[in-house]
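**Q** Let me begin by handing over the structure; questions about it come next.
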Amino acid sequence: MNKKVKQKIAFILFRSLSLCVVGVLLWILGFIIYNGIGVISWDFLTESPSEGMTSGGIFPAIVGTLCLISGSIVFAFPVGIMSGIYISEYAKNGWFVQFIRVMTNNLGSIPSIVFGLFGMALFVNMFGFGDSIIAGSFTLGLLILPLIIRTTEEALKAVPESYRTGSLALGASKLQTVLRVVLPAAFPNIVTGLILAIGRVSGETAPILFTVAAYFLPKLPGSIFDQVMALPYHLYVVATSGTDIEASRPIAYGTALTLVAIVFMMNLLATSLRHYFGKKMKTN
């Protein structure tokens, strides 16, 4: 068998596997859309749940989910970027950096329910935040922090060394070089970590179960110290332990479709930012 035949077979295999993955994704999306589209309405998206969550809408859960996503990103994104900058640009490549990388990788592989228990012990009990948005946001921020750190580090490494050398040769300091040359060049790839982080935060149930999520709370939060409903936990409750599971099953599909739509819009916004900054770097 010659090289061209082997190459053709490999391409067919890879293409088939890719089509299988896309097919599974389309099947899942089609299933959710088919079962949930009939529930989606203006009232469903803007009203509070009622009658044991067998009727009404999911507006408090939507607001709670957006609050948790925003809070976790506000906490994790700056900390993750600064940590990635330190590891890539300032720390010497020795045992300490290797230790940080190993611990970051280990932190990223810990089950999310462990983060939930840790967040309950630290933020809810020790810091006295109680079941609140701030406790849930910090817990989710810790969950996605390793992902942002690793993505930032790899994005900074991908910036050509000539950028740093040229900036230093022109008299810029190390800090000026990092902030004005290296970081803007790497930012489009850093946004990739933000996209992945948003996707993970949006669907997590275990961490918010112990720190913020309410079973039934048909009102909007007044501060970051209030408890809220959230779409992932609301979906779990409606689908498994509601007062009338059969009656609330359409609401579960509608909630799932809404959650997928929110994640899609968030990813679309982050992708648009990535293209914007990428195009800006090319023009500069």
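Position one of the sequence shown corresponds to residue 209 (our numbering), numbered consecutively onward.
Where a beta carbon is used, it is the ideal one built from N, C-alpha and C, also for glycine.
Computed from a prediction, not measured in an experiment: that's the story for all the values here.
Let me check one thing: in DSSP terms, what residues is Gly264 bridge-paired to?
**A** Gly264 is bridged to Pro257.
**Q** Would you list the one or two residues that DSSP bridges to Phe420?
**A** For clarity, residue 420 is Val in the given sequence; the question names Phe instead. BP columns for Val420 are empty, so no partner.
**Q** Hey, Ala405 and Ile281 are a contact pair by Cβ (cut 8 Å); roughly how many whole angstroms apart?
**A** Right, the Cβ-Cβ distance comes to about 7 Å (below 8 Å), so this counts as a contact.
**Q** Where DSSP assigns a beta bridge to Val436, which residues make up the other side?
**A** Its beta-bridge partners are Ala421.
**Q** Taking the alpha helix (DSSP H) that Gly302 falls in, what are its first and last residues?
**A** From DSSP, Gly302 is part of no alpha helix (DSSP H); its letter is neither H nor E.
**Q** Mind checking Gly238: buried by the 16 CB within 10 Å criterion, or exposed?
**A** Exposed, because fewer than 16 other Cβ atoms sit within 10 Å of the Cβ of Gly238.
**Q** Using a threshold of 8 Å, state whether the C-beta atoms of Val446 and Thr419 are closer than that.
**A** Cβ distance not < 8 Å, so Val446 and Thr419 don't count as in contact.
**Q** Determine the extent of the alpha helix (DSSP H) in which Ser410 is found, giving its start and end residues.
**A** Counting along the chain, the alpha helix (DSSP H) containing Ser410 begins and ends at 391-411.
**Q** Candidates Ile266, Leu274, Leu353: which alpha carbon is nearest Pro426's?
**A** Nearest C-alpha to Pro426: Ile266.
**Q** Taking the CB atoms as reference points, tell me whether Ser410 and Thr273 lie closer together than 8 Å.
**A** Cβ atoms of Ser410 and Thr273: closer than 8 Å.
**Q** Measuring alpha carbon to alpha carbon, tell me which of Pro396, Thr347, Leu355, Thr373 ends up nearest Thr413.
**A** Answer by Cα proximity: Thr347.
**Q** Are at least three pairs of beta-carbons, each pair with one atom in the segment 377-393 and one in the segment 289-299, less than 8 Å apart?
**A** These segments touch.
**Q** Considering Cα atoms alone, identify which of Met290, Ile453, Asn475, Gly246 is closest to Glu259.
**A** Among Met290, Ile453, Asn475, Gly246, the Cα nearest to that of Glu259 belongs to Ile453.
**Q** On the CB-based measure, 16 or more other CB atoms within 10 Å of its CB, does Thr373 come out buried or exposed?
**A** Its Cβ having fewer than 16 others within 10 Å, Thr373 is exposed.
**Q** Beta-carbon separation of Phe323 and Leu350 under 8 Å?
**A** Going by C-beta atoms, Phe323 is nearer than 8 Å to Leu350.
**Q** When the Cα atoms are used, what is the spatial distance from Val229 to Phe219?
**A** Answer to the nearest angstrom: the Cα atoms are 15 Å apart.
**Q** Please report the straight-line C-alpha distance between Tyr484 and Ile398, rounded to a whole angstrom.
**A** Looking at the two C-alpha atoms, the distance is approximately 13 Å.
**Q** So, using beta-carbon positions, are Ser370 and Thr385 closer together than 8 Å?
**A** No.
**Q** I need the straight-line Cα distance from Pro429 to Val436, nearest angstrom please.
**A** For Pro429 and Val436, the distance between alpha carbons rounds to 6 Å.
**Q** Which residue marks the beginning of the alpha helix (DSSP H) containing Arg223, and which one marks its end?
**A** From DSSP, the alpha helix (DSSP H) with Arg223 extends over 211-244.
**Q** Can you list, in chain order, the residues of its chain whose CB lies under 7 Å from that of Asp251, leaving out five sequence neighbours each side?
**A** Excluding sequence neighbours, Asp251 sits near Gly265.
**Q** What is the DSSP secondary structure of Leu325, counted as helix, strand or coil?
**A** Note: Leu325 maps to helix in three-state DSSP.
**Q** To the nearest whole angstrom, what separates the beta carbons of Thr360 and Gly288, a pair I think is in contact under 8 Å?
**A** Yes, Thr360 and Gly288 are in contact; Cβ-Cβ is about 6 Å, under 8 Å.
**Q** Between Leu465 and Gly231, how many whole angstroms is the CB-CB distance? I'm expecting something under 8 Å.
**A** No, Leu465 and Gly231 are not in contact; Cβ-Cβ is about 20 Å, not under 8 Å.
**Q** In terms of residues, what are the limits of the alpha helix (DSSP H) holding Tyr294?
**A** Tyr294 -> no alpha helix (DSSP H), and no H or E assigned at all.
**Q** Starting from the Cα of Ala493, find the closest Cα among Gly344, Ile470, Gly316 and give me that residue.
**A** Residue 493 is absent from the structure shown; the chain starts at 209 and stops at 492.
**Q** Just to confirm the assignment, what range does the alpha helix (DSSP H) spanning Lys365 have?
**A** Start and end: 341-365.
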